Every structure is written in structure tokens, then in C-alpha cells.
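So the structure is just underneath, and the comments pick up after that.
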Amino acid sequence: MQLGYNEIMIVSKYFKDINDFINLEMGVKRFRGNMERFHFNPIPLNQYSRKLFPNIETFHIYNKEDEIFKDGKIFKYVIWYKVEYSRYLEEKEEMNEYKNIAYTEEDRNTYGNTIPIEVNSLEDFCFYRCNDIQSIEIPTSVIEIGNGCFYECSSLTTINIPTSVIEIGNSCFEECSSLISLTIEDVKYISEERIFMNEPMLISIEIPKNLKIINGKNIEKKDINEFNIPSTITKLGDSCFSECYSLTTIEILTSVIEIGKYCFVGCSLTTINIPSSITSFGYGLFLSLWM
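If you're matching positions, the sequence shown starts at 1 in full-length UniProt numbering and goes up one per residue.
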């Protein structure tokens, strides 16, 4: 099968360097003129490489440091790097398209607690000490929640993290003293530091279905009495349920093959079934369990 003009243009969109484009046209005669077919720049450009893409109409700005051109046929700009919501509002009428809009604490103080549907990330401490919210709706446009985002939101009782979110930062819900229900639908990455702190009211935790490891730093919930482990979990990390004083029931599925050290120290478990799938046990699993 021989690649045609359209196919090679699609492939070359993923090139990372101007030399890749040059080598393609110099090395394969029938692909000469490939760069002239582009109506947008697939890579950042400088004064030299700009001349090689003469027919650009939409200019993509990938990084803050990128050189910006306003010549030729360019009539629209697409900004890929993170910009504050306030800047987006100021410039959205200028034929610009923003791919990564951040809602900051300053934005929230200015525009309110309702997260705009254009927002793609909630920045560090965005809702810090926002004590007047009981619940909050996170739009599906949001893909990232920063460190300490809801730190000390003392009136927050319920929160649902939508499937669009792929990253949650450190100590995101620390000191949320009224938090009762927390649902995380589908998260690709959870920080190794604490997310669920010791909120005294929290009675319901829904763990994302594709999480592979439960770590003691992720869940430090002392008075939950029942915990359902998703079937995707393969490891219970060190001190995973350490000092969960009220934990009486836990079902370990056959997907789990490893239990870390001190996993159930200080729990109030009455029964536990260890499946035959477990191949590795850490020491001190049940230390002081009945003491």
C-alpha cells in the first residue's frame, strides 16, 4: 500500500520537528509541497520555518514562549497553553480559541463559585476556605483538579468528580469537615500524597473503577465501617487501612495479589477472607488488631 497526499499529511501532523517535514519532502519526490498544503501550523514556528508554511490561516500557539505571526492569511489563533479564565474573557472576542482554561482562586473571588463550562482545570487552592458552599457541580469540561483545591471547605457535604477528570492533586479535600459523600467516577491519576483526609463526617467513598493501587496516603479515613474494593485493584498498599478504627467489614476480591505491610493495623475487623490470589503479604498486617 502506497501513502497518498492526504495520508502523508495526516501522518506528518504528528511530526515534532521542522527537520522531519524537510526530510520528508527532500527524501520522497511525490510528497514535495506537503507543508504548503497545511492551513495551520502543526508545530511551533520561527522566522525560518514560517516561510515553509505559506498558507496558514489558523495559527496554533503551543507554548507561552512561541513566536507569534500576524502575517499572510492568518485570521485565527488557537492557544494550547494554560491561561486564566479572566484572560479568556478579555480576549475571547478576538477570534481566539482557548484549549486550556484555568479557574484560579482569584477568578473564583471575581466571578463566583459556579465553575464556568469553558473551564478545563481548577487550579491549586481554587476554593480554599470557601465555607459557603455545601455542594458543587464540576462541569465535564474539567480534566484537572489542583492541589488543595477544596482545602478547608468546611460546609461542603457532597461532591461528584465527573469522568472527564484525569488528575487530582495533593490534599484536595483536606479539612472538609462536613464532607459526607465523595464520588470519583473515573480518574487516570491520583497523587501519591493524600486526597481523602480524615474528614469526620465522610461515610461514603466511591473509588474510580480504573484505579490499580489503594495507598494509605490516598485514603486516611478513620471512621468508615465498610469498604468496597473495585475489581481493578491489584494491590493494597502499605498502611492502606491503618487505624481505620471503625472498619468491621472488608471484601478482598481475587483481583488483589499483594497486601502491603501494616495494612489493617488498628482496625476493628471481625471477619476477613483472604483469597488464594494473594501472593505477597507485608509484615504486621493485623498488628494490635484486637488489642
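Yeah, the Cβ is synthetic: ideal placement off N, Cα and C, and Gly gets one too.
Note that the structure is a prediction, hence the values are computed from the model and not measured.
Query - T110, enclosing alpha helix (DSSP H) - first and last residue - result: E105 to Y111
Requested in this report: Would you tell me roughly how many angstroms separate the C-alpha atoms of V11 and F31, rounded to the nearest one?
Outcome: 12 Å
Requested in this report: Could you work out which residue in S177, N63 and E137 is closest to I184 when comparing CA atoms only?
Outcome: E137
Query - Candidates K261, N131, E251 and G27: closest to I272 by CA position - result: Of K261, N131, E251 and G27, the residue nearest in Cα terms is E251.
Query raised in the report: Helix, strand or coil: how does DSSP classify N96 here?
Result: strand
Report task. Return the first residue and the last residue of the alpha helix (DSSP H) that F59 is part of. Result -> That residue, F59, is in no alpha helix (DSSP H); its beta strand (DSSP E) goes T58 to I61.
Query - Sequence-distant residues of its chain with Cβ nearer than 7 Å to Y88 (five each side left out) - result: Cβ contact annotation for Y88 (same chain, cutoff 7 Å, sequence separation greater than five): Y98, I101 and E118, in chain order.
Requested in this report: Tell me K76's beta-bridge partners as DSSP assigns them.
Outcome: T58
Query raised in the report: Which residue comes first and which comes last in the alpha helix (DSSP H) that contains L89?
Result: Y85 to E91
Query - Selection from Y5, D132, S49 and N41 that minimises the alpha carbon distance to I74 - result: N41
Report task. Have a look at the DSSP bridge pairing and note the partners of I136. Result -> I159
Query - Other residues of its chain near S178: CB distance less than 7 Å, five sequence neighbours each side excluded - result: S154, S155, L156, T157 and M201
Requested in this report: Determine, using beta carbons only, whether E67 and L45 come nearer to each other than 8 Å.
Outcome: Yes, the pair counts as a contact, with Cβ atoms nearer than the cut-off.
**Report entry** Other residues of its chain near S280: CB distance less than 6 Å, five sequence neighbours each side excluded
**Finding:** Listed in chain order, the non-local C-beta contacts of S280 below 6 Å within the same chain comprise E258, local neighbours out to five positions each way being set aside.
Requested in this report: Can you grab the Cα-Cα spacing for the pair C263 / V142, in whole Å?
Outcome: 34 Å
Query - Which residues DSSP lists as bridging I145, in chain order - result: L122 and I168
Query - Residue range of the unbroken beta strand (DSSP E) whose run includes E251 - result: T249 to E251
Requested in this report: Could you tell me if I166 is buried or exposed, where buried requires 16 or more neighbouring beta carbons within 10 angstroms of its beta carbon?
Outcome: So I166 ends up on the exposed side.
Query - For E258, the three-state DSSP class (helix, strand or coil) - result: In the displayed model, E258 falls within a strand according to three-state DSSP.
Query raised in the report: Which of helix, strand or coil does DSSP assign to S12?
Result: helix
Query raised in the report: Roughly how many angstroms separate the alpha carbons of N160 and Y283, rounded to a whole number?
Result: 36 Å
Query - 6 Å CB neighbourhood of P116 in its chain, flanking five on each side removed - result: none
**Report entry** Candidates G260, K13, N120 and I56, of which the one nearest G72 by Cα
**Finding:** I56
Report task. Measure the CB-CB distance between F59 and Y77 and report whether it falls below 8 Å. Result -> yes
Query - For S280: DSSP bridge partner residues - result: E258
**Report entry** Beta bridge counterpart(s) of N273 as assigned by DSSP
**Finding:** Within the DSSP secondary-structure output, N273 pairs in a beta bridge with E251.
Query raised in the report: So is V28 buried or exposed if we call it buried at 16+ other beta carbons inside 10 Å?
Result: The residue is exposed, with fewer than 16 neighbouring Cβ atoms inside 10 Å.
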